[in-house]
Each structure stands twice: as C-alpha cells, then as structure tokens.
Amino acid sequence: MRRRPGIGGLQSAVAARVLASLFDQYRLLGENVAKLRTDLMKEQLATFRSQLEDFARKHKNDIRKNPAFRSQFHEMCAKIGVDPLASNKGFWAELLGIGDFYYELGVQIVDICLATRPHNGGLISLEELCKVLGSRRKGAREAVSQDDCLRAISKLKVLGNGFEVISLGKKKLVRSVPTELNKDHNEILELAQGQGFVTVDEVERRLSWSSGRATDALETLLEEGLAMIDDGHKDGRRRYWFPCVSSVSSYTATDTI
Amino acid sequence: MQTLGEFKLPHFFNYPPYFTLQPVRDTREKQIQLWRELILDYCRTQKIFVVGLDEDFPLFSNPVIERSLSHEAREAFLSAVVAEGRAEWLDKSHRKCLILWHRIQDWADLIIHFVKDNGLEDSVMTVEEIRSGSSLEGQVNFGLESCLQYMFSIFSWGNRASWNGPYDSNASAETPRTQREACNLQRDLC
Numbered sequence: 001m002r003r004r005p006g007i008g009g010l011q012s013a014v015a016a017r018v019l020a021s022l023f024d025q026y027r028l029l030g031e032n033v034a035k036l037r038t039d040l041m042k043e044q045l046a047t048f049r050s051q052l053e054d055f056a057r058k059h060k061n062d063i064r065k066n067p068a069f070r071s072q073f074h075e076m077c078a079k080i081g082v083d084p085l086a087s088n089k090g091f092w093a094e095l096l097g098i099g100d101f102y103y104e105l106g107v108q109i110v111d112i113c114l115a116t117r118p119h120n121g122g123l124i125s126l127e128e129l130c131k132v133l134g135s136r137r138k139g140a141r142e143a144v145s146q147d148d149c150l151r152a153i154s155k156l157k158v159l160g161n162g163f164e165v166i167s168l169g170k171k172k173l174v175r176s177v178p179t180e181l182n183k184d185h186n187e188i189l190e191l192a193q194g195q196g197f198v199t200v201d202e203v204e205r206r207l208s209w210s211s212g213r214a215t216d217a218l219e220t221l222l223e224e225g226l227a228m229i230d231d232g233h234k235d236g237r238r239r240y241w242f243p244c245v246s247s248v249s250s251y252t253a254t255d256t257i
Numbered sequence: 001m002q003t004l005g006e007f008k009l010p011h012f013f014n015y016p017p018y019f020t021l022q023p024v025r026d027t028r029e030k031q032i033q034l035w036r037e038l039i040l041d042y043c044r045t046q047k048i049f050v051v052g053l054d055e056d057f058p059l060f061s062n063p064v065i066e067r068s069l070s071h072e073a074r075e076a077f078l079s080a081v082v083a084e085g086r087a088e089w090l091d092k093s094h095r096k097c098l099i100l101w102h103r104i105q106d107w108a109d110l111i112i113h114f115v116k117d118n119g120l121e122d123s124v125m126t127v128e129e130i131r132s133g134s135s136l137e138g139q140v141n142f143g144l145e146s147c148l149q150y151m152f153s154i155f156s157w158g159n160r161a162s163w164n165g166p167y168d169s170n171a172s173a174e175t176p177r178t179q180r181e182a183c184n185l186q187r188d189l190c
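Chains A and B, in that order, are what the protein sequence lines are. Under full-length UniProt numbering, the final residue of the first sequence carries the number 257; numbering is consecutive throughout. Under full-length UniProt numbering, the final residue of the second sequence carries the number 190; numbering is consecutive throughout.
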C-alpha cells in the first residue's frame, strides 16, 4: 500500500507522522495474512487497534477540525473493521464524540433535501448540498466536506430514510425521494449537466433515440418534478431544465443552442 | 444577485423555466407561491398600488435571461395574490389589479390616524392632500387614488366618510389629481 499524499499540510505534523506509520503497520499486517501466520497476525491486529485508539485519543482535535484528515482516519478504521459511528455509545463515540457530529449533519441534510424538494423534485447535487450545508453551518467550528456528507447519508440509509447517492458521470446526486430512475433518465440527466437543460431534438440526436423514447423519458421526469419546461426562448423550441444539475446561485443566461 | 434598482431579486427570477407556467401541479404550485411572494414584496417596497397586465411592469420580464411572462402566466400569478386576499381585480376583464400590500383594515387605520393626528375631522380633503400629508409623502404613488377609491367603495365606513367624485379606474399617474376627487371626512370618523 502506498503512502498517502496530502497529509503533509496538516496542522499537526506529529499526527500526520503517526498516521503514516499506522498505515505502514497495516501493510505489515497484510503481509502476515498473506503468509498465513495467524497467531502473529492476531497479535499485530490487537497492537494495531490499541495504537489506533491511542492515536484517536491524542489527536481528537485534528480529527474534528480537518475534513481531509477525518476522511483518512475513517478509511483506516474501515480497514481494521472499526466503525466509530456504529453507535452513539461505546469507546469510539465517547472518545471522539463523532457520532453526534454525523447525526447532526444527517438531520441538517434531511432538512435541506426536504426544503429544496419543491424546486428540484427530490434530487440535489452533492456539490449544491454541501454548499447549502456550509452556509447553514457558518458559525460552527467544524468544516464539512463532501466525504462527510456521504458518510452522514450512508448512516441515514441505514435508518431506511430512502436516501441514496447516485453517480452521474463525474458528479454525484443525492436522491431523497423513492423515485426510481432508469438508465434512460440517467442518460438525460447526464446530458443536461452541460447547459442545465436539454431539448427533445438534442436528446434524439446525441443519444440516437427515437422521438417517442425521448419524449416519454422527458415527460416522466417532468411528472416526477425533476424537470421544468421553458417555452420562452426566441427559437420557439421547448427546453427541459433540471434544477438538480444546476446550482441555485449560479443561474446564468448562457444559452448556445 | 440581480437587482431592480435597490430591490434584490430572488434567485428563481434568473431561472428561465420559472417564466413558463408549469403544467405539473406540484411544480406549478411552488412556482405560483414564489411569484406571489415576489409581487407582494416588490409592490410593498416600491409602493406600487396597481399592476396593469398589459403594461411594462418590471417583474413581468427579465432581459438578462431574455424571458417574459405570458399574459396567461401574469393573470395566474396575480389571481393567486387575489385568492390570498392581498389584491383585488379592478375590472371584470382582469386587466388591472390593485395590490393590497397593506390589508384594507390597515389602510383604514392609517387614514383614521392621519385624520386624528391632524385634527381633520369634519373636513373635505382631496386625494392629493391625503397623500402629501401622510406617511405616503414622497413615494411613487401610482394608483393611490385607485386604492382609495376602492377602499371607499367597499369598506364600510358607515357615515364616517364618503367619497365625492367620479369613480375612474382608468386614472393614471399623469392625470392631474387635485380637485378631481375629494373625500368627505366626517366628525365621527374616529
């Protein structure tokens, strides 16, 4: 396993060094597994876990304040089968108080999704969600990253809230309604990421679909509240806009089609 | 954020689909709510009383995104304000709408206080005098006379006040007002 880049710029250089050495130890652990030295492996795993706990205790603040660091820490925990968020009680939760942080985040995320649902139909880009979250939490001590949002959402999923993260090309969308999107819908959404809207012609042309197929898919998206129509362009062609792929604060007038 | 003069426009004003009346019910309801609030806010801060559907009301179009509201959309949004009790149509064909950004009772209270504070019971005043003497002074009061006409025609003042003069819903800001209408404020107004 390679050394992780990006930890170098942390406030606490000591924390960074310790974490790096933990990764090294983990690598050694893996080697022992490969050699089927189970007794040695168990011993190393126990040592490893207690070192991780030590680390967490000493560098609580770094974990709290730095989203990138927090993400690395979570990754390490996942590798050794420790879930700091598993319950609000127990060693990890008490030590880090991290359960509360993600719980609070989850509540805020649900709130934002509900509030924006009339506008975007229950689908919001992860980027937009994080931005709104950031502005709501302006006074808070802890910064929030997209990784934090994803973790909070995965906890929400466990509660059966119907939340899901879907990938659209390079971007991620958070779905907070039970609406199932099929492949056709996903392709249209991905196409819409370019300018925030599509026309029937464009869908037919770019995806090589029949006219019926394009219209059907667009009408379904419209009915589900994920799309809005725009008949106001001077070329007279109807545009289907998708609020979930645009950011509220960046609506522009650019329109090259 | 885009502004109209000093008025800050909400984000949805720059999103083209909001200028097309939406067919899907839930989406349309949200759209109507946003426009209704915008119209009231704008009229309140700009002290606009009457909105003419076929006129160049600044909210009806956004040149930045090259979109305008259709006549149907304008009527739908203003009807929503009427339905909420914050506006009234001044004519049957729904061409002019009186925006009650104060409620009728609040307007009545304002006038009553104005009269009391200035010892104007039992006098005859013109609309111009009411306007220049009250807190409305200095504002663009296009349509104030329509507002007052409407108030006096529907509000039950009893014998506390009466309206003398033609009821002219086509009055515009350019028509000279002084001595055209007058209202009679009786002693028992308070």
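Beta carbons: idealized from backbone N, C-alpha and C, even for Gly.
- A direct Cα-to-Cα measurement between proline 67 (chain A) and glycine 122 (chain A) gives close to 27 Å.
- A Cβ of chain B is located within less than 8 Å of the beta carbon of lysine 234 (chain A).
- Taking the Cα of valine 107 (chain A) as reference, the smallest distance to any Cα among A:Phe163, A:Glu180, A:Pro178 is reached at A:Phe163.
- At a C-beta separation below 8 Å, arginine 36 (chain B) has no neighbours in chain A, since its nearest C-beta there lies roughly 14 Å away.
- Residues of the stretch 82-98 of chain B that bring their beta carbon within less than 9 Å of a beta carbon in chain A are absent altogether.
- For tyrosine 240 (chain A), the beta-bridge partners assigned by DSSP are A:Val198, A:Ile229.
- Around lysine 155 (chain A), the same chain offers Leu85, Tyr102, Tyr103, Gly106 as residues with beta carbons nearer than 8 Å, after the five sequence neighbours per side are excluded.
- Between leucine 126 (chain A) and leucine 173 (chain A) a beta carbon distance of about 7 Å is seen, short of the 8 Å cut, so the two are scored as contacting.
- In this model, glutamate 204 (chain A) and leucine 189 (chain A) are separated by some 14 Å (Cα to Cα).
- Under the DSSP assignment, glutamate 164 (chain A) falls in the beta strand (DSSP E) whose first and last residues are 164-168.
- For the stretch 34-66 of chain B, the beta-carbon criterion of a distance under 8 Å to any beta-carbon of chain A is satisfied by Val64, Ile65, Glu66.
- A contact between stretches requires three or more CB pairs, one per stretch, nearer than 8 Å, and the stretch 5-20 of chain B meets this requirement with the stretch 226-245 of chain A.
- Excluding five sequence positions before and after threonine 3 (chain B), the CB atoms of its chain that fall closer than 8 Å to its own CB belong to Leu9, given in chain order.
- Taking C-beta atoms as the reference points, aspartate 54 (chain B) and arginine 95 (chain B) count as a pair closer than 8 Å.
- Lysine 30 (chain B) belongs to the set of residues whose beta carbon lies under 8 Å from a beta carbon in chain A.
- In the structure shown, the three-state DSSP call for leucine 52 (chain A) is helix.
- For serine 211 (chain A), the enclosing alpha helix (DSSP H) begins and ends at 211-223.
- A Cβ-Cβ contact shorter than 8 Å links lysine 131 (chain A) with serine 247 (chain A).
- Arginine 206 (chain A) and aspartate 235 (chain A) have their C-alpha atoms some 20 Å from each other.
- Across the structure, glutamate 66 (chain B) and proline 58 (chain B) are spaced so that their CA atoms are roughly 13 Å apart.
- Of A:Lys58, A:Arg239, A:Ile63, the smallest CA-CA separation from aspartate 148 (chain A) is found for A:Ile63.
- In the DSSP assignment, tryptophan 101 (chain B) falls outside any alpha helix (DSSP H), carrying neither H nor E.
- By the 16-neighbour rule on beta-carbons within 10 angstroms, glycine 232 (chain A) is buried.
- The three-state reading of DSSP puts isoleucine 124 (chain A) in strand, counting E and B together.
- C-alpha of threonine 20 (chain B) to C-alpha of alanine 73 (chain B): approximately 7 Å in a straight line.
- The beta carbon of arginine 136 (chain A) sits closer than 7 Å to the beta carbons of Gln108 from its chain, once the five residues preceding and following it are set aside; these are given in chain order.
- Restricting attention to A:Asn120, A:Ser176, A:Glu187, the CA atom closest to the CA of valine 24 (chain B) is found in A:Asn120.
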